[in-house]
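K.L.:
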Amino acid sequence: MVTLLNTIEDQAARRICADYGDAPDALLEILHGVQHLHGYLPETALRTVAHTLNITRADVHGVATFYHDFKLKKQAAQTLKICRAEACQAVGANELIAAAEKAFKVKIDEGGLTVGLEAMYCLGNCALGPAVLVDDRLYGRVDIEKLKSISAKHAKKAGGRS
Ligand code: FES
Numbered sequence: 032m033v034t035l036l037n038t039i040e041d042q043a044a045r046r047i048c049a050d051y052g053d054a055p056d057a058l059l060e061i062l063h064g065v066q067h068l069h070g071y072l073p074e075t076a077l078r079t080v081a082h083t084l085n086i087t088r089a090d091v092h093g094v095a096t097f098y099h100d101f102k103l104k105k106q107a108a109q110t111l112k113i114c115r116a117e118a119c120q121a122v123g124a125n126e127l128i129a130a131a132e133k134a135f136k137v138k139i140d141e142g143g144l145t146v147g148l149e150a151m152y153c154l155g156n157c158a159l160g161p162a163v164l165v166d167d168r169l170y171g172r173v174d175i176e177k178l179k180s181i182s183a184k185h186a187k188k189a190g191g192r193s
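Numbering (my numbering), first residue to last: 32 to 193.
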């Protein structure tokens, strides 16, 4: 027997499932809806989705972990997405990542409170690597000083840190 909690995440997940007729075929859309609402996929919401759609938690977890865009942990206020595919690696992406981890005191792909770093695998800007994506804005030829400046600029725009 599954015991569902009556958390905000559970209620919202039930509502989103209902919007899609509680249809298991709509799992992807439902997960997008849950993530859009919370910024990530809370465990309680995943459990509720599985129960409501009458599918296994393993099925839900499999889909949630297969797609890179789904986040299972709460995300930092700002995410700096750094390309580490071959062309960007050839022009210093790994060095940029190492410097960014040191500067922002966070490991890549491990979340963070204020700033998070996320590895990407080609942003379509190969000729201008290392490439970085922040808030859907693409930057090229990024070094650590430019990355700090980009971070500060976007934080200012968001009304966060300066
Ligand atoms: S390899 Fe980095 S943008 Fe394509």
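Idealized CB from N, CA, C, for every residue including glycine.
All values reported here derive from a predicted model rather than from experimental measurement.
Can you check whether the C-beta of Gly-143 is within less than 8 Å of a C-beta belonging to chain B?
P.N.:
Among the chains of the structure shown, chain B does not appear; only one protein chain is present.
K.L.:
Mind reading off the beta-carbon distance from Ala-131 to Leu-111? Whole number of angstroms is fine, and I expect it under 8 Å.
P.N.:
Right, their Cβ atoms sit about 7 Å apart.
K.L.:
Can we count Asn-85 as close to ligand 2, meaning its CB is less than 7 Å from some heavy atom?
P.N.:
What this structure holds is ligand 1, not ligand 2.
K.L.:
Could you tell me which residues DSSP puts in a beta bridge with Gly-147?
P.N.:
Looking at the DSSP assignment, Gly-147 forms a beta bridge with Thr-110.
K.L.:
Can you name the residues that DSSP bridges to Val-65?
P.N.:
Per DSSP, none; premise fails for Val-65.
K.L.:
Can you name the start and end residues of the alpha helix (DSSP H) that Val-199 belongs to?
P.N.:
No statement about residue 199 is possible, as the shown extent of the chain runs from 32 to 193 and does not include it.
K.L.:
Near Cys-48, which residues of its chain fall below 7 Å by C-beta distance, leaving aside the five closest residues on each side in sequence?
P.N.:
The answer, listed in chain order, is Ile-61, Val-80, Thr-83 and Leu-84.
K.L.:
Output the distance between the C-alpha atoms of Leu-159 and Tyr-98, rounded to the nearest integer angstrom.
P.N.:
Distance between the alpha carbons of Leu-159 and Tyr-98: 26 Å.
K.L.:
Following the continuous alpha helix (DSSP H) through Arg-88, name the residue where it begins and the one where it ends.
P.N.:
Counting along the chain, the alpha helix (DSSP H) containing Arg-88 begins and ends at 88–97.
K.L.:
Just to confirm the assignment, what range does the alpha helix (DSSP H) spanning Leu-127 have?
P.N.:
Looking at the DSSP string, the run of the alpha helix (DSSP H) that includes Leu-127 is 124–135.
K.L.:
Return helix, strand or coil for Leu-154, following the three-state DSSP convention.
P.N.:
DSSP places Leu-154 in coil when its eight states are reduced to three.
K.L.:
With burial defined as no fewer than 16 other Cβ atoms inside 10 Å of the residue's Cβ, what is the status of Arg-192: buried or exposed?
P.N.:
Note that Arg-192 has pLDDT 46, beneath the 50 cutoff, so the model's placement of it is unreliable and the number below is only indicative. Per the 10 Å Cβ criterion, exposed.
K.L.:
Do you know how far the Cα of Pro-55 is from the Cα of Ala-183?
P.N.:
If I take the Cα positions, the gap works out to 42 Å.
K.L.:
Output needed for Arg-26: all residues of its chain with C-beta closer than 7 Å, excluding positions within five of it in sequence on either side, in chain order.
P.N.:
What is shown of the chain runs 32 to 193, which leaves residue 26 out entirely.
K.L.:
Relative to the alpha-carbon of Glu-149, which residue among Cys-157, Phe-135 and Asn-156 has its alpha-carbon at the smallest distance?
P.N.:
When each option's Cα is compared against that of Glu-149, the closest is Phe-135.
K.L.:
Mind checking whether the beta-carbon of Glu-149 lies closer than 7 Å to any heavy atom of ligand 1?
P.N.:
No - ligand 1 has no heavy atom lying nearer than 7 Å to the Cβ of Glu-149.
K.L.:
Can you check whether the CB of Leu-154 is closer than 8 Å to the CB of Leu-164?
P.N.:
Yes; because the gap between Cβ atoms is below 8 Å, this pair is in contact.
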